[in-house]
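Residues in the sequence shown are numbered from 1 upward in steps of one, following my numbering. Below you'll find the structure, written out as structure tokens, and then a few comments.
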Amino acid sequence: MIKVSGIKVPAGAGEKAITGYAAKTLGVRERDILRYRILKRSIDSRKKPEVYFVYTLALKMREGVRLRGKFGKYVPVKYQMLRSKSKPKHRPVVVGMGPAGLFAALTLAEAGVPCVIIERGRPVEQRNLDVARFWETGELDTTSNVQFGEGGAGTFSDGKLQTGTNDKRIGYVFERFVEFGAPDDILYLAKPHIGTDMLKIVVKNMRQHLISLGCDVRFEEKLVGFNTDENGLKSVFIENKNGTYEMETNHMIMALGNGARDTFEMLNDKGVIMEPKSFAVGVRIEHLQSDVDMSQYGEAATLGTLPASDYKLAVHLDNGRGVFTFCVCPGGQVVAAASEQGGVVTNGMSEYARDRKNINGGLLVSVTPDDFEGLFGGINFQRELERKAFSYGGENFNAPCQLVKDFLAKRPSTDHGKITPSYKPNVKYCNLWDVLPEFICQSIAEALPMMEKKIKGFSDGEAVLTAVETRSSCPIRIKRDENFMANINGIYPCGEGAGYAGGITTSAVDGIKCAEAMINTL
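Encoded structure:
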């Protein structure tokens with residue numbers, strides 16, 4: 001097969017038109033194309049309202065056909081799984097069932113080394129009920145919520161898979177997601193997403209597969225300590241509803257989420273070397289999806305063939321701060337993502353269809369270790385913001401909220417306009433300048449008109465700001481060496497909570513890498 005890039009198909013033409021435009025690009029008849037496979041599809045809206053789907057295709061041509069234009073040989077990129085040469089004396093332990101933990105466990109199990117998987121939260125079926133109850137009633141379960149439980153925090157997100165990294169494992173991760181129930185369009189979309197509804201199915205199917213391979217999955221169990229000897233890790237201590245027990249192991253992949261603050265404190269007490277790192281905090285901003293579609297697509301937005309649009313914005317301010325959008329959720333909702341009593345946390349979520357009325361995105365300001373003191377200064381800063389948001393929201397997990405026009409005027413809002421806030425349980429209108437530090441508010445106020453120049457309507461006065469977004473990344477990194485190991489032999493810090501990933505895909509890839517590193521030592 002050959003590979004051809006840059007095939008532009010008008011957005012209104014439909015998928016049946018692909019072969020015709022591919023034939024035109026190659027200077028052949030349409031019947032000379034025997035079959036094709038979509039390798040990538042992106043959207044070009046630079047000359048809106050003329051909007052195009054741009055395809056990269058693998059094509060099987062009729063033998064002997066002469067081609068023109070640019071093309072190459074299609075060579076599929078395949079990830080070669082490792083096989084373990086031997087089994088360890090004690091089963092490895094994987095802590096956490098987010099993407100990093102799941103793919104670490106999958107890599108180990110399929111290499112012939114089934115592991116014990118420890119998850120402090122609940123299975124996704126029960127977790128879904130716990131989260132729904134929290135959103136409706138404001139009753140938070142600190143062990144089962146948007147942060148903790150099977151699938152990790154990404155389970156209640158957009159299921160976004162886009163990443164700026166280039167690694168052969170990425171295609172493998174997407175293929176496994178499809179195998180476990182994800183839509184197959186993630187294999188070729190330039191901005192792939194699974195959606196929270198589909199991701200829950202994927203996570204459940206992965207768990208069942210891991211169990212079939214001999215893994216021992218233990219829910220509502222938390223890592224609370226470990227023992228070492230002169231060779232490194234000797235055993236781990238696990239807490240559950242019946243108390244604490246010790247389990248012998250010499251290998252542990254710590255795929256913590258960034259909300260596992262108590263675990264970071266335990267690791268510090270046990271001598272695991274960590275360091276503070278930069279992160280970001282801010283708010284969720286909501287617009288009407290139809291307004292953003294019109295800005296991004298022009299009149300082509302009315303065709304009915306284009307997906308809900310999104311955006312990715314970043315500006316650098318004179319004060320040295322960066323302000324950027326994060327985890328944009330087209331056709332989605334803002335959700336309560338708290339994991340601790342007395343603190344409000346926001347996040348964004350979309351289902352696969354992305355068909356709700358609003359689009360939301362994190363609007364975040366960079367924070368560096370210079371802004372706080374000590375290893376846990378970043379976590380303390382996050383907590384302070386979350387508690388203040390809880391107080392201004394009414395101390396019932398309602399979130400403080402303000403319209404952009406009132407935010408820029410530094411006056412409290414009293415109601416919404418054309419955009420109804422989607423956050424549950426509810427919002428409480430206020431002046432966010434009273435809630436957030438001045439440098440955060442001032443940075444957002446400066447960034448809004450700059451972002452307006454890139455997307456018309458971004459600083460719409462009726463756009464909704466909901467506070468506070470604090471969990472976009474971890475303010476701590478667990479240091480590891482070139483063998484993916486911490487300063488204690490046998491402990492492998494992994495994923496977003498350890499400071500080595502940002503999102504579902506990079507977390508999954510890091511899980512694979514840590515498992516590979518472990519396998520190479522067996």
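All C-beta atoms in this analysis are idealised placements derived from N, C-alpha and C, irrespective of residue type, glycine included. On a predicted model such as this, the values are computed, not experimentally measured, just so you know.
Nonlocal neighbours in the same chain, by C-beta distance under 7 Å from residue i, ignoring five residues either side
| i | result |
| --- | --- |
| Gly-393 | Val-344, Ala-399, Pro-400 and Lys-428 |
| Met-450 | Val-315 |
| Glu-30 | Thr-19, Gly-20 and Ala-23 |
| Asn-166 | none |
| Thr-142 | Ser-339, Glu-340 and Gln-341 |
| Lys-410 | Asn-431 and Trp-433 |
| Arg-383 | Gly-343 |
| Leu-288 | Lys-357, Asn-358, Lys-418 and Ile-419 |
For residue i, the three-state DSSP class (helix, strand or coil)
| i | result |
| --- | --- |
| Gly-154 | helix |
| Cys-115 | coil |
| Met-294 | helix |
| Glu-516 | helix |
| Gln-402 | strand |
| Leu-140 | coil |
| Tyr-500 | coil |
| Val-124 | helix |
| Thr-56 | strand |
| Gly-348 | strand |
| Ile-285 | strand |
| Ile-253 | strand |
| Thr-244 | strand |
| Met-266 | helix |
| Glu-239 | strand |
| Asp-130 | helix |
| Lys-523 | Since the first residue shown for the chain is 1 and the last is 522, residue 523 is missing from the structure and cannot be characterised. |
| Lys-47 | strand |
| Pro-493 | strand |
| Ser-84 | coil |
| Ala-13 | coil |
| Phe-397 | coil |
| Val-509 | helix |
| Ala-22 | helix |
| Gly-72 | strand |
| Arg-534 | The requested residue 534 does not occur in the structure, where the chain is confined to residues 1 to 522. |
| Leu-408 | helix |
| Arg-261 | helix |
With 16 other Cβ atoms within 10 Å as the buried cut-off, status of residue i
| i | result |
| --- | --- |
| Ser-295 | buried |
| Ala-17 | exposed |
| Arg-169 | buried |
| Gly-554 | The displayed coordinates of the chain run from 1 to 522. Any statement about residue 554 would go beyond what the structure contains. |
| Glu-286 | buried |
| Thr-414 | exposed |
| Lys-524 | In the structure as shown, the chain starts at 1 and stops at 522, and residue 524 therefore has no counterpart that could be examined. |
| Ser-350 | buried |
| Ile-256 | The amino acid occupying residue 256 in the given sequence is Leu; Ile does not appear at that position. Leu-256 should be labelled buried. |
| Lys-454 | exposed |
| Gln-333 | buried |
| Arg-62 | exposed |
| Asp-293 | buried |
| Ala-498 | buried |
| Thr-528 | Residue 528 is absent from the structure shown; the chain starts at 1 and stops at 522. |
| Gln-208 | exposed |
| Thr-244 | exposed |
Neighbourhood of residue i by C-beta distance below 6 Å, restricted to the same chain and skipping five residues each side
| i | result |
| --- | --- |
| Ser-5 | Thr-56 |
| Leu-213 | Ala-109 and Pro-114 |
| Phe-372 | Gly-378 and Phe-381 |
| Arg-387 | Gly-342 and Gly-343 |
| Phe-390 | Gly-342, Gly-343 and Val-344 |
| Ser-422 | Gln-333, Val-334 and Asn-358 |
Residue i: CB within 7 Å of a non-hydrogen atom of the ligand FAD
| i | result |
| --- | --- |
| Lys-48 | The ligand FAD is absent from the structure shown, which contains no ligands of any kind. |
Beta-carbon contacts of residue i that lie in its chain and below 8 Å, excluding the five residues immediately before and after
| i | result |
| --- | --- |
| Arg-107 | In the sequence under discussion, the amino acid at residue 107 is Thr, which differs from the Arg named in the question. Closer than 8 Å at Cβ, skipping near neighbours: Met-81, Leu-82, Gly-511, Ile-512, Ala-515, Glu-516 and Ile-519. |
| Lys-48 | Gln-296, Tyr-297, Gly-298, Glu-299 and Ala-300 |
TODO: Run through the stretch 434-488 for me and flag every whole alpha helix (DSSP H) of 4 or more residues, listed as ranges in chain order.
DONE: 438-452
Task: Continuous beta strand (DSSP E) assignments of at least 3 residues falling wholly in the stretch 350-394 - done: 358-367
Open item on the list: Quick check on the DSSP output: what are the complete beta strand (DSSP E) runs of length 3 or more inside the stretch 155-237, in order along the chain?
Closed with: Correct list: 216-219 and 222-229.
Task: Contiguous beta strand (DSSP E) assignments of at least 3 residues, all confined to the stretch 304-336 - done: 314-316, 322-329 and 333-336
Task: Validate contact between the stretch 140-154 and the stretch 163-182 using beta carbons, cut 8 Å, 3 pairs - done: no
Open item on the list: Under 8 Å, with one C-beta from each stretch per pair, do the stretch 39-46 and the stretch 186-197 reach the 3-pair mark?
Closed with: yes
TODO: Say whether the stretch 514-522 touches the stretch 475-485, bearing in mind that this needs 3 or more beta-carbon pairs closer than 8 Å, one atom from each stretch.
DONE: Touching, yes, given that three or more Cβ pairs across the two stretches are closer than 8 Å.
- [ ] Taking 8 Å as the threshold, find out whether the stretch 431-447 comes into contact with the stretch 456-468 through three or more Cβ pairs.
- [x] yes
Open item on the list: Count Cβ pairs between the stretch 308-324 and the stretch 441-449 that sit closer than 8 Å; are there 3 or more?
Closed with: Yes, the stretch 308-324 is in contact with the stretch 441-449.
Task: At least three beta-carbon pairs within less than 8 Å, the stretch 298-317 to the stretch 350-366 - done: yes
Open item on the list: I'd like to know if the stretch 231-244 and the stretch 269-283 are in contact, where contact means that at least 3 CB-CB pairs between them fall below 8 Å.
Closed with: no
Open item on the list: Quick check: the stretch 97-106 against the stretch 64-78, are at least 3 beta-carbon pairs closer than 8 Å?
Closed with: no
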